[in-house]
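Engineer: Here the protein sequences line up with chains Y and X, keeping their order. So for the first sequence, my numbering puts the first residue at 2; every next one is plus one. So for the second sequence, my numbering puts the first residue at 1110; every next one is plus one. Sharing a structure, written as structure tokens. Questions coming.
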Amino acid sequence: KAGVTQTPRYLIKTRGQQVTLSCSPISGHRSVSWYQQTPGQGLQFLFEYFSETQRNKGNFPGRFSGRQFSNSRSEMNVSTLELGDSALYLCASSQGQWSYNEQFFGPGTRLTVL
Amino acid sequence: DAKTTQPTSMDCAEGRAANLPCNHSTISGNEYVYWYRQIHSQGPQYIIHGLKNNETNEMASLIITEDRKSSTLILPHATLRDTAVYYCIGALNNAGNMLTFGGGTRLMVKP
């Protein structure tokens, strides 16, 4: 069974631009979560989608948004990029509805904002 | 989610057991203890989780104290490929898939 895939793997943008990252969960998984990882803040939860509905949201500004499609694929968007948005963005999928289902992480998208 | 405390780093000799402690004294009765690890340049990997009872799978064993205030992840025969940052997380079982990662323990397995 294929793992979680994220595209693109690397991205370079400039301040003020916007970016869209994509995540394809493991087949059959209905929950997709997004995390941001930076050297200073570590791994931080962004948001989680289940059956096309946002179920949880972390403490991030409104510039960060996401959505999930009917096939469970998910996208996250960051508008008006800032230098501090440079990070590894990780997507994780889970089979079921509750957190005791293990999450499978993708390799991440490394975003660099210049 | 419960706040967890882990040592910043640990060393372990290859082939020996690695015992990684985690303190979660504020954990509530319905919060599970999860362990993930992150090998350099990769996404985190699920290892094991438990509520009250000790758990074992092909990767590791999880020992949870009776009062549930602490736990220990045991890698029975550590290999160089087990070098990673290990995260202990307390999470509700009905809060959706939202994990709060702390600083974790950087485990270095040495030959």
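C-beta: ideal position from N, C-alpha, C; glycine also. It should be emphasised that the depicted structure is a prediction, and the values quoted were computed from it without experimental measurement.
Would you mind working out which of X:Ser1137, X:Thr1114, X:Gly1213 sits nearest Thr1192 (chain X), comparing C-alpha positions?
Structural biologist: X:Gly1213
Engineer: Could you tell me whether the Cβ atoms of Asn1206 (chain X) and Ser34 (chain Y) are closer together than 8 Å?
Structural biologist: yes
Engineer: At a CB distance below 8 Å, what residues from the stretch 49–66 of chain Y approach chain X? Give them in sequence order.
Structural biologist: So the list reads Glu49, Phe51, Arg56, Asn57, Gly59, given in the order they occur along the chain.
Engineer: Look at the Cβ atom of Glu1123 (chain X), then the Cβ atom of Ala1169 (chain X), and state whether they are nearer than 8 Å.
Structural biologist: no
Engineer: Any beta carbon of chain X sitting closer than 8 Å to that of Ser95 (chain Y)?
Structural biologist: yes
Engineer: Over what stretch of residues does the beta strand (DSSP E) that includes Thr8 (chain Y) continue unbroken?
Structural biologist: 6–8
Engineer: Can you tell which of X:Leu1171, X:Met1217, X:Pro1185 has its C-alpha closest to the C-alpha of Pro1130 (chain X)?
Structural biologist: X:Leu1171
Engineer: Beta strand (DSSP E) containing Glu76 (chain Y): first to last residue?
Structural biologist: 75–79
Engineer: In three-state terms, what does DSSP make of Gly1213 (chain X)?
Structural biologist: coil
Engineer: Exposed or buried, Arg1190 (chain X), counting other C-beta atoms within 10 Å across all chains shown (16 or more means buried)?
Structural biologist: exposed
Engineer: Between Y:Leu115, Y:Tyr50, Y:Thr8, which has its C-alpha nearest Phe70 (chain Y)'s C-alpha?
Structural biologist: Y:Tyr50
Engineer: Across which residues does DSSP place Asn1128 (chain X) in a beta bridge pair?
Structural biologist: For Asn1128 (chain X), which the question treats as bridged, DSSP gives the partners X:Ile1183.
Engineer: Gly1152 (chain X) versus chain Y: which residues are under 7 Å apart at the beta carbon?
Structural biologist: Under the 7 Å cutoff, chain Y gives Leu91, Phe106, Gly107, Pro108, Gly109.
Engineer: Where Gly67 (chain Y) and Arg56 (chain Y) are concerned, what is the direct C-alpha to C-alpha distance, given to the nearest angstrom?
Structural biologist: 11 Å
Engineer: Kindly confirm or deny that the stretch 20–32 of chain Y and the stretch 1113–1121 of chain X touch, where touching means at least three C-beta pairs closer than 8 Å.
Structural biologist: no
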